[in-house]
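Worksheet: one structure, shown below.
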Amino acid sequence: MYEYKFVEADLGGFFSVTNHREIINEHAKEGWRLVQVLAFDYDLRGRPKSYEIIFERKIKEE
């Protein structure tokens, strides 16, 4: 079984390489695996202003 974590990144209309890499690396150190990045909240030109980064990890069975 897996658990999922959804992290919103408000990037002001562009996807900051440094910011998303930091978020992904930070979560990977905690055992999270990147599943997908979804863009949402678009500006008037159709460019995304926010992203949701989705992570998963196995639930430790006790």
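Residue numbers (the numbering used here): 1 to 62. Where is the CB? At the ideal position from N, CA and C, for every residue including glycine. Quick caveat: nothing in here was measured; it's all calculated off a predicted structure.
Where does Arg-47 sit, in a helix, a strand or coil, going by DSSP?
coil
Just checking: is the beta-carbon of Lys-58 within a distance shorter than 8 Å of some beta-carbon in chain C?
Protein chain content of the structure displayed is limited to a single chain, and chain C is not contained in it.
Check the C-beta distance from His-27 over to Phe-55 and give it rounded, since I have them as a contact under 8 Å.
5 Å
CB-CB length for Ile-59 against Ile-24, believed under 8 Å:
With 8 Å as the limit, Ile-59 and Ile-24 do not qualify as a contact, their Cβ atoms being about 21 Å apart.
Whole angstroms are fine: how far does the CA of Tyr-51 sit from the CA of Asp-10?
6 Å
Taking the alpha carbon of Ala-39 as the reference point, which residue from Gly-31, Glu-8, Arg-57 has its own alpha carbon closest?
Glu-8
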